[in-house]
Amino acid sequence: MITTAGLLATQPDACLMRWIAPSEKDAASATLEKRLWDAADQFRANSGLKAQEYSGPLLGLIFMRFAEARFAALRDKLQAAGSSSRRGSRVDDPAAYQAEGVLYLAPEARYDALLALPEVADIGAKVNDAMRAIEKHNPQLAGVLPKTFYLFTPTLLKDLLKKVSEIPVSLDFDAFGRIYEYFLGEFAMSEGQGGGEFYTPSSIVKLLTEVIEPFHGRILDPACGSGGMFVQSARFVAEHQKNPAAELAICGVEKTDETGRLCRLNLAVHGLEGDIRHGGNVNSYYDDPHTATGQFDFVLANPPFNVNAVDKERLKDMVGPARRFPFGLPRTDNGNYLWIQLFHSALNAKGRAGFVMANSASDARSSEQDIRQKLVEARSVDVMVAVGPNMFYTVTLPCTLWFLDRGKARRLHHADHVLFIDARHIYRQVDRAHRDWTPVQIGFIANLVRLYRGESPDYTQGGAEAEAKLKEVFGELLAYVDVPGLCKAATLAEIEAQGWSLNPGRYVGVAPGEDVSDEDFRTQLQGLNEELEALNAQARELERTIAANVAELLEG
C-alpha cells in the first residue's frame with residue numbers, strides 16, 4: 054500500500070535534503086591502489102606520454118600481474134597433484150589451466166620473467182611478445198591486449214614493472230578488480246571529456262544495480278564503454294553469495310574498438326567473460342548484433358546524451374510493436390528517445406532497466422513527449438532519480454537516473470504509480486569539483502525503492518547505518534510514505550496533469566520551511582536552458598523544412 058504523509062516526526066528538520074557525507078580523501082590515501090596510481094602518474098609525468106598512450110599499456114601490466122597470480126596458484130596445485138599421479142604432471146598443459154578458468158601463461162609471458170630482464174634488453178619488444186603469447190594460448194583474448202610498449206623507454210618500463218609487482222599475488226579477484234577500476238577512473242578524470250566515453254563513476258553504477266537487482270539472467274549494455282556496468286552487476290551477485298560467472302550472461306556493444314578491448318580486459322580481470330561486439334563501425338542505433346528485442350532480463354547503460362545527426366531513414370523498418378522503436382521515432386534531431394526505446398524494447402516481459410539520461414529528456418516536448426506518454430501508459434516507468442551536479446568526471450551538469458520495469462504492471466500495489474526521488478542533495482564531496490555517494494547513501498536510496506515496491510530491505514550496501522537512516526525517515530515499521538523534498542509516488546493522473554513530465558522536481562517539491570537554494574535555482578536554470586536548446590534545434594529544423602517547401606513551390 055502506497056500512502057502519502059507529511060514529514061514523519063522522526064525526521065529531523067528535513068536535514069535529509071542536506072545529507073552531505075564528509076570526504077574520506079585522507080583515509081583513501083593509504084590504499085594500495087592510491088599509492089600505485091601516484092607512482093605510476095609520476096612516471097607518466099616524466100615520460101612525455103599522453104594519458105591515452107599510457108593508459109592501455111599500464112592497465113595491460115596490471116592485467117598481466119593478475120593473470121600471473123591465478124596461474125601461479127594453480128601451477129602449484131598441479132605440481133603437487135602431478136607428483137602423486139600415475140598419469141604424470143599436467144603442469145605445462147594449457148588445457149589443465151583452461152579447464153579451471155585460468156589463463157595459461159607460457160614461460161616468456163610470465164610477469165616474473167619480464168621483471169628479471171636487464172635494462173639493456175629490448176624490454177618493450179619482450180613485453181609485446183608476452184602479450185601475443187597470452188593471446189595465442191587464450192583465444193578469448195585475441196586482439197585485446199595492448200602491444201604498444203615500444204613507446205616506453207627501457208627505464209620507464211622497468212620502473213613500471215617493479216611498481217606493479219608490488220601488488221601482492223595473494224590478492225583475490227575483487228582486489229585486483231578494484232585496482233583496475235581505480236586506474237580506469239583516474240585515467241577518465243585525467244582525460245577530461247574523453248574519459249566519459251568509457252567510464253561511469255562507480256557510485257552511480259552501484260545504485261543502478263542495487264535498484265534493478267540483477268540476481269540472475271541475461272544482461273545488456275548497448276553502450277558498454279569499459280564494462281563497469283557488467284563488473285558491478287557481477288559484484289552484486291557475489292555479494293549475495295552466488296557465482297557471477299554462472300548467474301549472468303553478459304552482452305555488450307561498444308562503438309570504439311579500443312574501448313571495447315578495455316571492456317574485455319576489465320571482464321577478464323574480474324574472472325568474467327562476455328559477448329562484447331566492438332569496432333568495425335558497429336553502432337547501436339543501426340545495428341542489433343545481439344538480436345536484443347525482448348531477449349534480456351536486465352539492461353544497464355550510460356549512453357551519450359543529445360546525439361544529433363542520426364540517420365532516421367535507416368531506422369524506419371525498426372519501428373512498431375515488438376520492434377526496436379515501438380513508440381515511433383522522435384521528429385527532433387536528438388538521440389535520447391532512441392536510446393530510451395532501445396533499452397525498453399530489449400527487455401523481456403519481466404525485465405528491468407537502469408540508465409543515465411540527460412535531464413532534458415524528462416521534460417522534452419513535441420514528439421518526444423508523445424513517446425514518453427506511451428512509455429508511462431505502458432506501465433514501464435518504475436522509478437526516476439534526480440542526481441545533482443559534479444557526479445561525473447566529464448560534465449558538471451546534473452542528470453537523471455531512469456528505471457524501467459516491464460513486469461511492474463503485474464504488481465497491483467504500484468502499477469499505476471511512478472516513484473520520484475530527489476537525490477540532488479545527497480552526496481559526498483570528494484574534492485572541490487567531484488562528488489559521489491557513500492555505501493550508506495546508496496543503501497538508503499536503494500532501500501527507499503524497495504519499501505515503495507513492497508520488498509524487504511537489503512543492507513548489503515551501508516549496513517546498520519543505512520538501516521538507521523531509513524528508520525529515521527520512514528519509522529521503525531519501515532512503511533513507505535511520500536516525504537516532501539525527498540520522494541513522491543505519483544499517480545498516472547498526476548503525471549498526465551504535468552504534461553507527462555518525468556522530472557522529479559515537479560512532484561517531490563521541497564521540505565516544509567525549506568527555501569529554494571542557489572544550487573536548486575542553478576539546476577532549474579540549467580534544465581530550462583537544456584529545454585531551450587532543444588526547442589531552438591526544433592525551430593531550426595522547422596525553418597529548414599519550411600524553406601525547402603517554399604523553394605519547391607516557387608520552382609513549380
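Under this note's numbering, the very last position in the sequence shown is 609; numbers go up by exactly one each time.
C-beta: ideal position from N, C-alpha, C; glycine also.
A quick note: this is a predicted structure, and the numbers were derived from the prediction, not measured.
Between the Cα of S337 and the Cα atoms of L395, R477, A287, F349, which residue gives the shortest distance? In the sequence shown, the residue the question calls residue 337 occupies position 284. For S337, the nearest C-alpha among the options comes from L395.
Determine the extent of the alpha helix (DSSP H) in which Q348 is found, giving its start and end residues. Position 295 of the sequence shown holds residue 348. In the DSSP annotation of this structure, Q348 is not part of any alpha helix (DSSP H), being labelled neither H nor E.
Start and end of the alpha helix (DSSP H) containing H190? Walking along the sequence shown from the start, residue 190 turns up at place 137. Residues 176-190.
Would you say Q132 touches the ligand ATP, meaning its beta carbon is less than 7 Å from a heavy atom? Only the bare structure without any ligand can be found here, which leaves the ligand ATP out of the picture.
So, P297 versus L325, is the Cβ gap smaller than 8 Å? On the sequence shown, position 244 is the one that residue 297 refers to. On the sequence shown, position 272 is the one that residue 325 refers to. Contact: yes.
Tell me which residue opens and which closes the alpha helix (DSSP H) that N389 is part of. Numbered from its first residue, the sequence shown carries residue 389 at position 336. Residues 389-399.
Please look up how many angstroms separate the CB atoms of S415 and T385, rounded, as I've assumed it's under 8 Å. Residue numbering aside, residue 415 sits at position 362 when the sequence shown is read from its first letter. Residue numbering aside, residue 385 sits at position 332 when the sequence shown is read from its first letter. Between T385 and S415 the Cβ distance is about 15 Å, and since that is not below 8 Å, they are no contact.
Quick one: residues in its chain with C-beta nearer than 6 Å to the C-beta of L555, no 5 flanking neighbours on either side, listed in chain order? Here residue 555 refers to the residue found at position 502 of the sequence shown. Around L555: S415, M437.
Alpha helix (DSSP H) segment containing T87, residue limits: As a position in the sequence shown, residue 87 is number 34, starting the count at 1. The sequence shown places Lys at residue 87, not Thr. Element bounds for K87: 85-98.
State the beta-bridge partners of P301 as determined by DSSP. Residue mapping note: residue 301 aligns to position 248 of the sequence shown, counting from 1. It should be pointed out that residue 301 corresponds to Leu in this sequence rather than to Pro. In DSSP, L301 forms a bridge with G270.
Coarse secondary structure for E307, derived from DSSP in three states: Translated into positions along the sequence shown, residue 307 becomes position 254. Three-state result, E307: strand.
For V440, which three-state DSSP category applies? Within the sequence shown, residue 440 is the residue found at index 387, counting from 1. In this structure, V440 counts as strand in the three-state DSSP scheme.
What is the DSSP secondary structure of T513, counted as helix, strand or coil? For the purposes of this step, residue 513 is taken as the residue at position 460 of the sequence shown. Correct three-state label for T513: coil.
Looking at M444 and P267, is the spacing between their C-beta atoms short of 8 Å? The residue given as residue 267 occupies position 214 in the sequence shown. The residue given as residue 444 occupies position 391 in the sequence shown. Taking 8 Å as the Cβ cut-off, P267 and M444 do not qualify as a contacting pair.
By alpha-carbon positions, which one of K427, A174, T344 ends up nearest to L206? Position 153 of the sequence shown, counted from the first residue, corresponds to residue 206. Correcting the residue type first, residue 206 is Thr in the shown sequence and not Leu. Taking only the C-alpha atoms, the option nearest T206 is A174.
What span of residues does the beta strand (DSSP E) with L472 cover, start to end? Residue mapping note: residue 472 aligns to position 419 of the sequence shown, counting from 1. 470-475 is the extent of the beta strand (DSSP E) around L472.
In the structure shown, what three-state DSSP assignment does Q426 receive? Translated into the one-based positions of the sequence shown, residue 426 becomes position 373. In the structure shown, Q426 sits in a helix (DSSP, three-state: H, G or I).
Please classify S223: is it buried, with 16 or more other beta-carbons within 10 angstroms of its beta-carbon, or exposed? Position 170 of the sequence shown holds residue 223. It is exposed - the Cβ of S223 has fewer than 16 other Cβ atoms within 10 Å.
Give a yes or no on whether the C-beta atoms belonging to K403 and G347 are separated by under 8 Å. Position 350 of the sequence shown, counting from 1, holds the residue named residue 403. Position 294 of the sequence shown, counting from 1, holds the residue named residue 347. No. Outside cutoff.
For the beta strand (DSSP E) containing D165, name the first residue and the last one. To locate residue 165, count along the sequence shown from 1; it is residue 112. Per DSSP, D165 belongs to no beta strand (DSSP E); it is in the alpha helix (DSSP H), 164-168.
What do you get for Q285, buried or exposed, if any count of 16 or more other CB atoms within 10 angstroms of its CB means buried? Position 232 of the sequence shown holds residue 285. Buried, by the Cβ-count rule.
Cβ separation of A302 and N359, assumed to be a contact under 8 Å, to the nearest whole Å: Along the sequence shown, read from residue 1 onward, the residue named residue 302 stands at position 249. Along the sequence shown, read from residue 1 onward, the residue named residue 359 stands at position 306. That belief does not hold up - the Cβ atoms of A302 and N359 are roughly 31 Å apart, past 8 Å.
Compare the beta carbon distance of R485 and A74 with 8 Å and say whether it is the shorter of the two. The count along the sequence shown starts at 1 and reaches residue 485 at position 432. The count along the sequence shown starts at 1 and reaches residue 74 at position 21. It is not a contact, given that the beta carbons lie outside the stated cut-off.
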